[in-house]
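Residue numbers (this note's numbering), protein chains in the order written: chain A, 50 to 525; chain B, 2 to 242; chain C, 1357 to 1470; chain D, 110 to 226.
Backbone N, C-alpha and C fix where the C-beta goes; we use that ideal spot for every residue, glycine too.
I have placed the structure first, in the form of structure tokens, so that the comments after it can refer back to it.
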């Protein structure tokens, strides 16, 4: 039953080759089908051995309390993207395969299988990154992603050589802990590249700022969430992170560099991509501390960061740097999202930062809280600057240039003004951004809705016992 | 300056590989297969108990293909191959999208060559036959869907080189689509009959016969057609531009 | 010194080490040439040579499946795809004569797979 | 059985990484990426070599199982095809870059980008 989550999107992707536009119409229904399947027909605590081969020999798909909430969140994001993004002719088919690959990477319990799904996600990411004539950014991402993928392959094979099997549960049980750190270095390099921790994440600003409504959402939110899942599965659940302090320090430096980078950006898209880098680096730093309190706060932070970036990037894609004069609703959603990123009290972002700081103080580690606060101040700086600039874009220009055709400078203002009128946002995008902005507010008032989920994920992730029992028990 | 930086990075990585990683892995050659999963896969005894597999003698095993690598790729870890096929599928679509977005529509023309034209007439059917042989006998002899499909694509490349009028028409797209759908349908049929996705529901027969490995030859034929169609699409997209 | 040569000869007696020394050494030379070559066409040809040599290594390592796949996919197709891209990239500076030289190399490579 | 083949694949891997970091021309970086792929594939197959093993195929010559480890070979089969998929994408991206910026050298591209923006 679990395999349907992967087989159905693939089948529709293959079926949508004949006509270019077909894929675009299949995507929302497939995402809806996945969500319905997840809610009504599946419950956590299942394992599916593909081809009925025992888990150690074949590939086992594992649905437990950690992968279930992540699957729901990712498929929800895919549904939102299907409604809000304007997809070119063949992109629908690609995003269908991306749905299958993302479900696959969350479900699979096999190292080499996750490498194959990681490669599918990377290949689709290179194509989507080349959207809006951004071939240079896509090529840089291809080179970084190529090295990352090869490192993951080396890690997967060395796990096989040392433990005799590729299955995650058995491999962790068998390999002796002394050699685990050296094997994990390979996985670590891949995650530093894919999760955009700065020295290795230099490809991200060019890729996310190409102004398309698909790239930053497909890569920034959907792929990032599934890779954070894989990061926590491998480094919290199965193996433990090699020298976590070093990784923490590297990620903290990446937060500060990203924030400073975002501050001096002229272009809104690049500022947002640097903000995404700092957000994900915060999550990586928090996860590298291996405490259940901090991990649950990290997942809450990820939830808030991904949803608000979804809104910001969608509106940037449609509005560019034109103001909100003509469409107030978009402006409201944009402001809500940026306030939530900063951590304004009545939004989800406030609780995210609050839980994180509380957990960190309990664990009495003071480096990260200081950096988070500094980052929050810098973020407040440039986000408010952008908000003010975008809100008052249309107003002040007409006053100081009286409406008379007397100079080229004036006509330039003229066509920019009426250009603001033309820039419409598709109905789907408006609805989606408003809906997500509302969820931020709702969770701002009732954080326990999400916080309980993240607590259960964090407790399950750090406890290897149930995962291994699930695999040993075998099943369906 | 960049060279120094590059040598430094490569040196650090090599030091890690040789210093930290090499002592961990077993020295070349003395690998104890008993400790590995591969031992049961070789003896085809993952679900049944162990009895030696004999070429042309043992019957109705859990997986009938003589080529153990094929049995892993298509039977034991068939999910990898499904993912593998979609990597090529996305790469072919990606090249198609990006090639159609190119502004300078400049088709690569080749010099007309009498020798090449005539030799292609002789060689091409043999190449296509050889490609078909590889993926039909995937479960007996080395090779399988991927090299077989690629050989067919190279045969079509040779056809492109020899005469300029040759165009890869939409037939390739339909072949690619039906072969890919066929593979997923076999997975779903396995699910319907055997209850689990991608199960080998056909009898596996005697190791070594042509019709012996159940679903494996059918899956490899689908993959052969799909890879052949996809890669010839890729080459023709690159050429047409 | 003599025991060094003795161990060298003893090592070369076994086929895999001998092959990996000879073919491996050649591959290292080609890899360096591919990275440092001035013209991209030369480094492409060096890359194709590396793939073909790796086929030899796979055969010696008792991996026929991988050898066939690497021969067909790695050296055959990868080189063809990159050559097509290269013709498009510097098509302005490219002369017809160069194209003819390439087609012969391409056809005999596909031919020898017959 | 000495580890020569491991050292050979590590050296080629090092050359590939050296190539990516040191070469400015984008086409060279793609070629270095392909060199890294080949080196890793050789290393993985070498990991599965058993000293007196035969090719893992039941045939008239090797009717009974005395085989090399087939699993790394199955993994490398997939890795090679993934490498070609990435390569094909890289080549078409290079054609795009060359068409838009007229050259494949990052410094010239940077100058043109300043002029464009």
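Any chain B beta carbon closer than 9 angstroms to residue i
i               : result
residue 1445(C) : no
residue 107(D)  : Chain D is shown only over 110 to 226; residue 107(D) falls outside these bounds and no answer can be derived.
residue 211(D)  : no
residue 99(A)   : yes
residue 149(D)  : no
residue 354(A)  : no
residue 239(A)  : no
Check whether residue i and residue j have beta carbons under 9 angstroms apart
i              : j               : result
residue 147(D) : residue 1410(C) : yes
residue 185(D) : residue 30(B)   : no
residue 317(A) : residue 370(A)  : yes
residue 148(B) : residue 1416(C) : no
residue 357(A) : residue 330(A)  : no
residue 149(D) : residue 199(A)  : yes
residue 173(A) : residue 143(A)  : yes
residue 164(D) : residue 1420(C) : yes
residue 531(A) : residue 428(A)  : As shown, chain A starts at 50 and ends at 525. That puts residue 531(A) outside it, with no answer to give.
residue 158(A) : residue 250(A)  : no
residue 239(A) : residue 204(A)  : yes
residue 404(A) : residue 346(A)  : yes
Neighbour flag for residue i against chain C, beta carbons, 9 angstroms
i              : result
residue 234(B) : no
residue 167(D) : no
residue 124(D) : yes
residue 228(D) : Residue 228(D) lies beyond the residue range present for chain D, which begins at 110 and ends at 226; the question has no answer from this structure.
9 angstroms Cβ cutoff, residue i in contact with chain D
i               : result
residue 465(A)  : Confidence at residue 465(A) is low in this model, with a pLDDT of 48, below 50, so its placement is unreliable and the value that follows should be read with caution. By this cut-off, residue 465(A) is not an interface position.
residue 212(A)  : no
residue 14(B)   : yes
residue 1406(C) : yes
residue 1449(C) : Confidence at residue 1449(C) is low in this model, with a pLDDT of 42, below 50, so its placement is unreliable and the value that follows should be read with caution. Chain D contact via Cβ: absent.
residue 461(A)  : Reliability fails at residue 461(A), whose pLDDT of 45 lies under 50, so the model's placement of it is uncertain and no value is given.
residue 42(B)   : yes
residue 1396(C) : yes
Of the residues the options, the one placed nearest residue i, counting alpha carbons only
i               : options                           : result
residue 169(A)  : 28(B), 88(B), 97(B) and 229(B)    : 88(B)
residue 209(D)  : 186(A), 123(A) and 145(A)         : 186(A)
residue 26(B)   : 207(D), 112(D) and 179(D)         : 112(D)
residue 217(B)  : 181(B), 137(B) and 195(B)         : 137(B)
residue 96(B)   : 179(A), 338(A) and 161(A)         : 179(A)
residue 398(A)  : 411(A), 420(A), 362(A) and 352(A) : 352(A)
residue 1422(C) : 115(D), 162(D), 182(D) and 196(D) : 182(D)
residue 37(B)   : 493(A), 276(A), 287(A) and 105(A) : 105(A)
residue 152(B)  : 90(B), 75(B), 193(B) and 231(B)   : 231(B)
Closer than 9 angstroms to chain A by CB, residue i
i              : result
residue 7(B)   : no
residue 202(D) : yes
residue 142(D) : yes
residue 179(D) : no
residue 181(B) : yes
residue 195(B) : yes
(request) Report the residues of the stretch 142-161 of chain B with a CB closer than 9 angstroms to any CB of chain C, ordered along the chain. (result) When CB distances to chain C are screened at a threshold of 9 angstroms, the residues of the stretch 142-161 of chain B falling below it are 142, 143, 144, 145, 147, 148, 149, 150, 151, 152, 154, 155, 156, 158 and 159, in chain order.
(message) Any C-beta of chain B within less than 7 angstroms: which residues of the stretch 1412-1429 of chain C qualify?
(response) Sequence-ordered contacts of the stretch 1412-1429 of chain C with chain B read 1420, 1421, 1424, 1425, 1428 and 1429 [C-beta pairs closer than 7 angstroms].
(request) Starting from the N-terminal side, write out each stretch of the beta strand (DSSP E) that is 3 residues or longer and does not extend beyond the stretch 284-353 of chain A. (result) If we require 3 residues or more, the stretch 284-353 of chain A turns out to have no beta strand (DSSP E) run fully inside it.
(request) Closer than 9 angstroms, Cβ to Cβ, to anything on chain B: give me those residues from the stretch 1429-1441 of chain C, in chain order. (result) Cβ contacts with chain B: 1429, 1432, 1433, 1436, 1437, 1440 and 1441.
(message) Closer than 8 angstroms between beta carbons: that is the criterion. Which residues of the stretch 83-96 of chain B meet it against chain A?
(response) Look at the stretch 83-96 of chain B: the residues with a C-beta under 8 angstroms from a C-beta of chain A are 83, 84, 85, 87, 88, 90, 91, 92, 94 and 95.
(message) What ranges does the alpha helix (DSSP H) occupy inside the stretch 79-164 of chain B, keeping only unbroken runs of at least 4 residues that lie completely in it?
(response) Inside the stretch 79-164 of chain B, DSSP marks whole alpha helix (DSSP H) runs of 4 or more residues at positions 79-102, 115-137 and 146-163, from first to last along the chain.
(request) Pull out every residue of the stretch 17-34 of chain B whose Cβ sits closer than 7 angstroms to any Cβ of chain D, in chain order. (result) Taking 7 angstroms as the cut-off between beta carbons, the residues of the stretch 17-34 of chain B near chain D are 18, 19, 23, 26, 28, 29, 30, 31, 32 and 34, in sequence order.
(request) Anything in the stretch 47-78 of chain B with a Cβ closer than 8 angstroms to a Cβ of chain A? List those residues in chain order, please. (result) Answer set for the stretch 47-78 of chain B: 47, 48, 76, 77 and 78.
(message) Taking beta-carbon pairs under 8 angstroms, can you tell me which members of the stretch 108-121 of chain B lie near chain C?
(response) Those residues of the stretch 108-121 of chain B that come within reach of chain C (Cβ to Cβ, closer than 8 angstroms) are 109, 111, 112, 114, 117, 120 and 121.
(request) Determine which residues of the stretch 157-173 of chain A have a Cβ less than 8 angstroms from any Cβ of chain D, and write them out in chain order. (result) Those residues of the stretch 157-173 of chain A that come within reach of chain D (Cβ to Cβ, closer than 8 angstroms) are 161, 165, 168, 171 and 172.
(request) With a floor of 3 residues, list each beta strand (DSSP E) that falls wholly inside the stretch 89-167 of chain A, ordered by position along the chain. (result) Those beta strand (DSSP E) runs which fall completely within the stretch 89-167 of chain A and span 3+ residues are 95-98 and 109-112.
(request) Please name the residues in the stretch 212-242 of chain B whose beta-carbon is closer than 8 angstroms to at least one beta-carbon of chain C, in chain order. (result) Here the close residues are 232, 235, 236, 239, 240 and 242.
(message) To be precise: take each residue of the stretch 134-149 of chain A, compare its Cβ to all Cβ atoms of chain B, and keep it if any distance is under 9 angstroms. Which residues remain?
(response) Cβ contacts with chain B come from 137, 138, 139, 140, 142, 143, 146, 147 and 149.
(message) Which runs of the alpha helix (DSSP H) at least 4 residues long sit entirely within the stretch 1408-1452 of chain C? Give them in chain order.
(response) The qualifying runs are 1420-1425 and 1434-1445.
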